[in-house]
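Going by the working numbering, the sequence shown opens with residue 1, and the numbers climb by one from there.
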Amino acid sequence: MITNGFTYVAVLICLAAALITLEKKTGWKLFEFLPPVVLIYLLAMLLCTAGTWDMKETKPAYTALKNSLTYTMVFMMLLRCDIRKVLKLGPRMLLGFFSASLTIMVGFIGAFTIMKGVIGDNAWMGLGALCGSWLGGSGNMVAVQAALNISEADMGYALVIDSIDYSIWVMFLLWLIQLAPKFNAWNKADTRTLDEVSRGLEEDAAANKAPITMQSLLLLLGSALLTAAIGTNVGVTLNSMVPFLDKATWTILFITVMGLIGAISPLGRTAGSAELSNMLLYSVIALLASRASLLELADAPYWILTGFIVLGIHFTLMFIIAKVLKLDMFTACVASLANIGGTASAPVLAGSYSGSLVPVGILMALLGYVIGTPFGILTAHIMEML
């Protein structure tokens with residue numbers, strides 16, 4: 001069993017490197033169905049389940065790196081972004097986001113109706129707090145808990161669902177978004193604006209013919225790491241002054257602004273940002289999966305099943321909405337994770353589709369923090385009436 005934090009991180013990054021290398025060198029058909037981004041998540045989860053590393057001993061390394069690398073990755077990806085082009089997605093982005101929010105709320109109400117006989121009539125409180133989290137973020141969960149005076153015991157069940165069901169949902173969406181071209185063609189989704197924005201941003205990046213050098217890589221990495229470090233401190237300061245948003249959200253907002261400014265500066269034209277941001281993306285995905293043990297499925301099985309029913313209803317309704325409104329796969333998937341995962345994971349999913357579209361994930365996720373608390377409380381009271 002690995003107890004050393006450095007060894008734990010080294011194994012995860014080496015796992016990502018091995019899978020990427022296999023895809024590039026072998027051409028195995030396996031990667032057409034399970035791309036490296038999904039296999040990294042799955043194998044890291046299986047290694048965690050097998051007890052390859054000690055969860056307690058390696059937690060400090062995970063805590064120190066996960067958010068820091070995520071912030072660094074977001075800044076690096078934003079250097080490739082012209083926000084003026086991204087904002088062209090506005091109406092469709094909002095349609096996808098609020099469709100996801102509404103179907104998640106319906107999912108909670110439906111799941112509680114189905115499962116209240118086994119999880120208890122008072123389960124609406126814990127599920128209400130979880131709904132706040134799955135519409136916004138952990139700050140919304142805490143706010144709903146305080147508003148409804150929910151006990152720690154009920155919150156414990158909600159946290160189990162948030163850990164297991166969320167982790168599997170992220171892995172599922174990472175796999176699903178790889179099918180976007182086939183789904184969009186079948187659904188006759190209008191992707192002209194999305195394709196135009198993505199293509200324009202990628203052409204801007206390709207137009208930069210400067211060679212990747214050690215100097216350019218070091219400049220980019222140093223700038224991104226320093227921005228992430230400063231952003232973390234800024235987030236703590238702003239949270240103490242304006243606690244409406246948690247420190248992670250303030251940090252993401254600061255880094256987003258700095259990244260967008262960097263994108264129109266000479267730093268945005270420095271070669272190597274795509275390569276470095278992809279390296280960080282796979283490292284973050286491996287870290288996220290490394291804390292999701294499938295053994296937790298044995299804890300509170302009926303509550304975990306309830307969470308999967310929520311996701312099943314949400315998926316089914318989103319599929320129908322996507323079919324009727326001809327939404328594309330990218331919009332539907334990122335809208336879903338922007339609600340359920342927030343600013344921590346929506347940019348990761350958007351980046352796995354196209355690094356230039358990370359701002360879409362961030363913008364959607366920030367909307368979730370606005371609606372998470374009031375809509376979570378509303379959903380809880382609807383469940384209470386049932």
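In this text, a Cβ means the ideal position worked out from N, Cα and C, and glycines have one as well.
Exposure of residue i, with buried meaning 16 or more beta-carbon neighbours within 10 Å
| i | result |
| --- | --- |
| residue 156 | exposed |
| residue 129 | buried |
| residue 240 | exposed |
| residue 27 | exposed |
| residue 72 | buried |
| residue 14 | exposed |
| residue 121 | exposed |
| residue 340 | buried |
| residue 25 | exposed |
| residue 33 | exposed |
| residue 118 | exposed |
| residue 4 | exposed |
| residue 247 | buried |
| residue 36 | buried |
| residue 78 | buried |
| residue 233 | exposed |
| residue 320 | exposed |
| residue 149 | exposed |
| residue 214 | exposed |
| residue 300 | buried |
| residue 263 | buried |
| residue 324 | exposed |
is_contact[residue i, chain C] using C-beta, thresh 9 Å
| i | result |
| --- | --- |
| residue 94 | Among the chains in the structure shown there is no chain C, since it carries only a single protein chain. |
Close Cβ partners of residue i (< 6 Å) along its chain, the five nearest in sequence each way excluded
| i | result |
| --- | --- |
| residue 127 | 108 and 112 |
| residue 175 | 38 |
| residue 70 | 284 |
| residue 143 | 373 |
| residue 159 | none |
| residue 236 | 247 |
Rounded C-alpha distance that separates residue i from residue j
| i | j | result |
| --- | --- | --- |
| residue 190 | residue 328 | 7 Å |
| residue 302 | residue 380 | 19 Å |
| residue 345 | residue 337 | 7 Å |
| residue 17 | residue 7 | 15 Å |
| residue 39 | residue 19 | 8 Å |
| residue 51 | residue 348 | 26 Å |
| residue 110 | residue 166 | 18 Å |
| residue 162 | residue 196 | 36 Å |
| residue 238 | residue 186 | 46 Å |
| residue 383 | residue 306 | 14 Å |
| residue 385 | residue 47 | 43 Å |
| residue 58 | residue 342 | 24 Å |
| residue 310 | residue 266 | 46 Å |
| residue 23 | residue 170 | 21 Å |
| residue 359 | residue 278 | 15 Å |
| residue 31 | residue 250 | 37 Å |
| residue 99 | residue 173 | 17 Å |
| residue 378 | residue 168 | 26 Å |
| residue 294 | residue 44 | 11 Å |
| residue 444 | residue 116 | Look at the range of the chain in this structure, 1 to 386, and you will see that residue 444 is not part of it. |
| residue 55 | residue 274 | 32 Å |
| residue 183 | residue 357 | 19 Å |
| residue 41 | residue 304 | 20 Å |
| residue 257 | residue 276 | 20 Å |
| residue 253 | residue 21 | 34 Å |
Beta-bridge pairing of residue i - partner residues as DSSP gives them
| i | result |
| --- | --- |
| residue 2 | 53 |
Cβ-based neighbour list, residue i, same chain, cut-off 7 Å, excluding 5 preceding and 5 following
| i | result |
| --- | --- |
| residue 281 | 73, 348, 351 and 352 |
| residue 243 | none |
| residue 145 | 129 and 155 |
| residue 188 | 326 |
| residue 177 | 329, 330, 333, 349, 352 and 353 |
| residue 97 | 335, 338, 364 and 367 |
| residue 318 | 99, 100, 103, 332 and 336 |
| residue 211 | 271 |
| residue 147 | 377 |
Same chain only: Cβ atoms within 8 Å of residue i, ignoring 5 sequence neighbours per side
| i | result |
| --- | --- |
| residue 11 | 2, 47, 52 and 53 |
| residue 375 | 101, 105, 131, 132 and 135 |
>> Taking contact to mean 3 or more Cβ pairs, one atom from each stretch, closer than 8 Å, check whether the segment 268-275 and the segment 216-231 are in contact.
In response: Taking a contact to require three or more Cβ pairs closer than 8 Å, the segment 268-275 and the segment 216-231 qualify as touching.
> Does the segment 223-236 come close enough to the segment 285-295 to have 3 or more Cβ pairs within less than 8 Å?
Replying inline: no
>> With a threshold of 8 Å, are at least 3 pairs of Cβ atoms found where one atom belongs to the segment 48-66 and the other to the segment 308-328?
In response: no
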